[in-house]
Amino acid sequence: MSVFKNLPAAPVAHKKPITDTRHGISRTDDYAWLRADNWQAMFKDPSILDPEIRRHLEAENHYMNAAMADTKDLQKALFAEMRGRIKEDDSSVPMKDGVFAYGTSYVKGGEHPRYFRIPRDGAASDETIRQVLLDGDKEAEGKAYFRIAGLDHSSDHARGIWGYDDKGSEYFTLKVRDLSTGEDLADVVENTGGGGAWAPDGKSFFYTVLDENHRPSRIYHHVVGTAQSEDRLVYEESDPGFFMSVGGSLLDDFIYIDIHDHETSEYRLLSTRDLTAEPQIVAKRATGLEYSMTEGGEVFYILTNADGAKDFKIMEAPVDAPQQENWRAVVPHRPGTLILSHMAYARHLVWLQRREGLPEIVIRDRKTGEEHAIAFAEEAYSLGLSGAAEYDTDVIRFSYSSMTTPSQLFDYNMVTRERTLLKTQEVPSGHDADDYVTRRVFAPAYDGATVPVTLLYHKDTPLDGSAPCLLYGYGAYGITIPAGFNTNCLSLVDRGFVYAIAHIRGGKDKGFQWYEDGKMAKKTNTFRDFIAAADYLNQQKFTSYANIVAEGGSAGGMLMGAIANMAPEKFRGIIAAVPFVDVLNTMLDDTLPLTPPEWPEWGNPIESAEFYNIIAGYSPYDNVDARPYPAILALGGLTDPRVTYWEPAKWVARLREKTTGSEPILLKTNMDAGHGGASGRFQRLEEIAFEYAFAIKVAGRI
């Protein structure tokens, strides 16, 4: 029986059929009109959205608010709990770089970070020596949405580049700040990817420009004090299927241009000795060859999958001859041990790897070749490698947490192997790790694979099938969901929920093969793994089908749409945040920002009839049919360039048309934000409180 009572009539989207024929197959889309024809311009100016589309989205929001009206007090309580677990005036431990140390902080009640610096060996707690370089709350005043891309200081510490997005569309404007006065210079650089790379003299920087289809297509060189129109074009990428970014080396010797899609890489290097030179290719792009670079003095260290190194290896090459023919193995390929990232310092090579499902940091003495690892003994945990801002150092920084252990930040001396605890995450409202249980279990999949599932629950939660469960999944792009500390989910766990993360195929949780087995033609493994996790939790009585609320966002929203079609009876409710559910239509539209770069992940249905049929076979929107769907909450952002607002809007319209059940299908569109939702830290908590309130209501726990 539905917990949603006395709802008003749900919005009914008009049908305006449009038929598209590909590979001899015709498909009709009744709701294609929800896609704004002027979406490129609308992302920059949301006020020009077609009035009919706006009326429909606002009607959906009105219906959603009516359905959730009885949870307002619960939402307030959840928000207060989650806010109470945040140290509102928190501050990072500053990172040393030259004569200063740089960090970020928040003030009580503040939504946005402040960027500050102190003298190198000063005490971070001494407010009298703290210089605020950029106040996010001040910059955000009067704006419904505001997101800072960061502040990057020049090597001489005189200036900083900072970027902001005030629409949610991820078109960032860059400004240059005089760090001694705190005033911005006249420079304004628009339509960028959000950051830049300083030249060593601090008089110019390099940045990426997004084209009209929101793709990073050009690298420019900007001289401080000149107009953007005078900037020199350094490199233009002609293939719309590739992403591009620009960065600088720790030694300030090179500017890196990183060009890549989801399976192929190409680096171009610009020596800072001649900023007007043409960038030089390291290894030409070849489908399937991935590599990334870091400088190590006289050599580059290259992390690559070349020569069949599926789980990656580390090579080195001379700085003056870094081409692929000069690569030499330093850390060999070890099947089953996935190297995730690497860093180089004057005396040490450092890398983060995942072995047997758990992360560890490995340090090698560059002179002797001696190696040692940093690892922990918990059943499931998360490691973050921050490294250092300086090249000539023996000290790096890393973080550690688990589902029950608040985040701890350490400095680590690579010579003495001494760990220095710098900070432990504070939970002002209190947290006793002994009150909670975290476990890593393995669910058998249909083909014999075992799917890791991380669990968190209160020690008093009965494991007899009666507990509600929030089961989270993602499963795409090789992204591993860490088993880290999450204060927000404690609001569910303290109400008797089992909080579960399904580490399904499509991520790299069990190595690179785990990723390959959940992409392209094998994509449905992702969905079947998630259902297998639900089956296991039901069978082992951690919960039951009648008590599981599934959650996923973006590509994880595709997962939500797929499992809604494949096994709706196994879920009490589904939360799909900015869900990529209109997969076929999106992959057929090569004008959309992410479509060409995404073909290596999903397949190209424009050129391939095989992939047209594969995608059509699982695309959530295309497979909505007459069946009793569970309660569904879909969330979108009007200016989202990654998963456009019309995907959840169309999906909800079709779900509501087709469902034979009585549970409501809800759509919430944030009319002032994009893919990441609200930008402020407390605004974001309000959104999480709303989602959790939906889960609690659906589970009958109000």
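With the numbering used here applied, the sequence shown covers -6 to 695.
The beta carbon of each residue, even a glycine, is placed where N, CA and C say it ideally should be.
Predicted, not measured: the structure shown is a model, and the values here were computed from it.
As far as DSSP is concerned, K80 takes part in no beta bridge. Ranking G156, I356, G380, W320 by CA distance to the CA of L243 puts G380 first.
In the structure shown, R649 adopts helical secondary structure according to DSSP, grouped into three states. Cβ contact annotation for W191 (same chain, cutoff 6 Å, sequence separation greater than five): S147, F198, in chain order.
Counting only runs of 3 or more residues that sit fully inside the stretch 216 to 303, the beta strand (DSSP E) segments are 225 to 229, 236 to 241, 247 to 253, 258 to 264, 284 to 289, 292 to 297, in chain order. For the set M553, T447, R170, the Cα lying nearest the Cα of F535 is the one of T447. Taken through DSSP and simplified to helix, strand or coil, T519 comes out as helix. Taking 8 Å as the cut-off, the beta carbon of F(-3) is found closer than this to the beta carbon of A624. Its chain contains Y260, F293, I295 as the residues whose beta carbon lies nearer than 6 Å to that of M286, once the 5 sequence neighbours on both sides are disregarded; these appear in chain order.
A residue is called buried when at least 16 other Cβ atoms come within 10 angstroms of its Cβ; H49 meets this threshold and is buried. Under DSSP, the beta-bridge partners assigned to R107 are S98, D128. A distance of 8 Å or more separates the beta carbons of K160 and A382. Between the alpha carbons of S334 and R28 lies a distance of about 39 Å. In terms of CA proximity to S85, G96 leads the group G96, Y465, M61. The distance from the Cβ of F478 to that of P399 is about 5 Å, consistent with a contact at the 8 Å cut-off. Here I607 is actually not in contact with L581; their C-beta atoms are around 13 Å apart, not less than 8 Å. Distance between H668 and V636, taken at the CA atoms: about 7 Å. Here S118 carries a coil assignment [DSSP, helix/strand/coil]. Distance between G670 and G629, taken at the CA atoms: about 8 Å. The residues I568, L659, F687, in chain order, have a CB closer than 6 Å to that of L626 in the same chain once the five nearest residues on each side in sequence are set aside.
Residues P209, S210, R211, M237, I252 of the same chain have their beta carbon placed closer than 8 Å to that of E230, with the five preceding and five following residues left out of the count. Here V574 is not near G549, since their CB atoms are 8 Å or more apart. Sequence-distant Cβ neighbours of D427 in its own chain, meaning closer than 8 Å and more than five residues away, are K452.
Y56 and P4 do touch by the CB rule: their CB atoms are close to 6 Å apart, below 8 Å.
Cβ atoms of A460 and D528 stay farther apart than 8 Å, at about 16 Å. Excluding the 5 residues flanking it on each side, F564 has same chain C-beta neighbours closer than 6 Å at I541, A543, P623, in chain order. Secondary structure of S197 (DSSP, three-state): strand.
DSSP places Q401 in the uninterrupted beta strand (DSSP E) bounded by 401 to 406. Residue burial is scored here from C-beta neighbours: S222 has fewer than 16 other C-beta atoms within 10 angstroms and is therefore classed as exposed. Ranked by Cα distance from E271, the options F247, P328, E291 are led by F247.
At a cut-off of 4 residues, the continuous stretches assigned as alpha helix (DSSP H) that sit fully inside the stretch 441 to 500 are 483 to 486. Put simply, the backbone Cα of A70 is about 22 Å away from that of A570.
Runs of alpha helix (DSSP H) with 4 or more residues, each lying fully within the stretch -1 to 71, are found at 32 to 37, 44 to 60, listed in chain order. Looking only at E591, S601, V576, the smallest Cα-Cα distance to N616 is reached by V576. Each of A476, T480, L449 was checked against the Cα of P421, and the nearest Cα belongs to T480.
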